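In terms of the numbering used here, the sequence shown opens at residue 167 and continues consecutively.
Please read the structure below before turning to the comments.
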Amino acid sequence: MENEMDRTEIEKGTAEMPAAETPGAEKTAAETAAVETATNETFDIGNVGFEAAEEEIPEKEKGVMSKFALLVGLGILIFALSFLYGMRFLQPDIDSNQLDIVSKQLDANPPPYGWKVTEDLGVGDVPGGPTAQRFVVEHDTGWEVLAYCLEPDEPPPPVGAVCDLVEGDTFWCGDEYQLLRRYKILQMPPPAQTSTSISAATRISTSTPTATNTATPTNTPSSTPTSTATSTPVNTSVTATPRPKMGGDGNLRSGDILRLAFGIGLISISTVLAAFEGKRYLTKRAKK
């Protein structure tokens, strides 16, 4: 009996020992959980700040890159437009109706044959048309018109070439030369005068002969003046006739130079601004 009682007391003591140690274990677990929670919150705050910094950097980079791309694109666009306009690629197409306004207004009917190239005006601007070589074409009846070349790849007709007017406003001066198109009438023959017959009354007077005594005049010799031919020297001066320069004045005009200078200036400004933005971006990135 005593042994059984001792065994029962030992078992009770063993069962009571974990119950005594439980409050300390719970306290340690609570402290550990609090430390872990604080640590996790600290890491979460750090991660949030790091992510915010990472998001801020790309936003700034995007802003700088967008400005840089805008400036470069603007400079390229201005340069391209200036180049195309300077080379006259943006000129309107040739319109024969627009170029022949003067002829249509005058309702002219020029002769088809016997035209002659009398003057080479060189390369220049045609009103409402392209930049081409121009000529003065005349006719013996009094016509004088301006024409320009239609085929730049072919040789132009020389001064003195005889041409025929075909298709209403186009001159053909031979198969070896390019065609010419009329764009302005300088002179037209005067209108033909109509002769009118004017009837005039003729007055006829009749006289009755009357016998009268008349004195006969006596011829007296008189001296006749003699004209002597004298030579008068005439001073003649040689006048220089200006001839147009071969090939004309060229395609370069004062407006082209101004457009080129304006385009180069805008490109320079865009380049400086782009370089400034790029340098500022690299400086900020190096500091980070």
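A virtual CB, placed ideally from N, CA and C, is assigned to each residue, including glycine.
For clarity, every value in this text was computed on a predicted model and none was experimentally measured.
| query | result |
| --- | --- |
| If you draw a straight line from the C-alpha of aspartate 286 to the C-alpha of leucine 240, how long is it? | 43 angstroms |
| Hey, valine 136 and arginine 348: beta-carbon distance below 9 angstroms or not? | In this structure the chain extends from 167 to 454, so residue 136 is not present and cannot be described. |
| Mind checking arginine 446: buried by the 16 CB within 10 Å criterion, or exposed? | exposed |
| Spatial neighbours of leucine 439 within its chain, please: CB distance less than 7 angstroms, with the 5 preceding and 5 following residues excluded, ordered by chain position. | Leu237 |
| To which residues of the same chain is proline 355 closer than 6 angstroms at the C-beta, ignoring the five residues directly before and after it? | Thr307 and Gly308 |
| Helix, strand or coil: which one does DSSP assign to leucine 424? | helix |
| Excluding the five sequence neighbours on either side, which residues of its own chain have a C-beta within less than 7 angstroms of the C-beta of leucine 448, listed in chain order? | none |
| What whole-angstrom Cβ distance do valine 332 and tryptophan 281 have, given they're in contact under 8 angstroms? | Wrong, their Cβ atoms sit about 11 angstroms apart, outside the cutoff. |
| With H, G and I counted as helix, E and B as strand and the rest as coil, what does DSSP make of glutamate 285? | strand |
| Since I believe glutamine 353 is in contact with glutamate 310 (beta carbons under 8 angstroms), could you give me their beta-carbon distance rounded to a whole number of angstroms? | 4 angstroms |
| How many angstroms separate the CA atom of proline 277 from the CA atom of glycine 326? | 18 angstroms |
| By Cβ distance below 6 angstroms, which residues in the same chain neighbour aspartate 291 in space, the five residues on each side in sequence not counted? | Thr297 |
| Less than 8 angstroms between C-beta atoms, sequence neighbours within five positions excluded: which residues of the same chain meet that for proline 321? | Glu342, Tyr343 and Gln344 |
| Does DSSP put alanine 246 in a helix, a strand or coil? | helix |
| Over what stretch of residues does the beta strand (DSSP E) that includes aspartate 330 continue unbroken? | 328 to 332 |
| From what residue to what residue does the beta strand (DSSP E) around leucine 352 run? | 346 to 353 |
| With 16 as the cutoff for other CB atoms within 10 Å, does aspartate 335 come out buried or exposed? | buried |
| Which word fits leucine 312, buried or exposed, when buried means at least 16 other C-beta atoms lie within 10 angstroms of its C-beta? | buried |
| Kindly indicate which residue of Phe249, Ala452 and Gly444 has the alpha-carbon position closest to the one of serine 232. | Gly444 |
| For glutamate 317, which residues in the same chain have their Cβ closer than 8 angstroms to its Cβ, ignoring the five residues on either side in sequence? | Gln344 and Leu345 |
| Relative to the C-alpha of leucine 424, which residue among Phe442, Phe234, Ser248 and Gln299 is closest? | Ser248 |
| Take phenylalanine 245 and list the residues in its own chain whose beta-carbon comes closer than 6 angstroms to its own, dropping the five residues that flank it on each side. | Gly429 and Ile433 |
| Just how far apart, CA to CA, sit glycine 295 and alanine 452? | 58 angstroms |
| Please classify proline 323: is it buried, with 16 or more other beta-carbons within 10 angstroms of its beta-carbon, or exposed? | buried |
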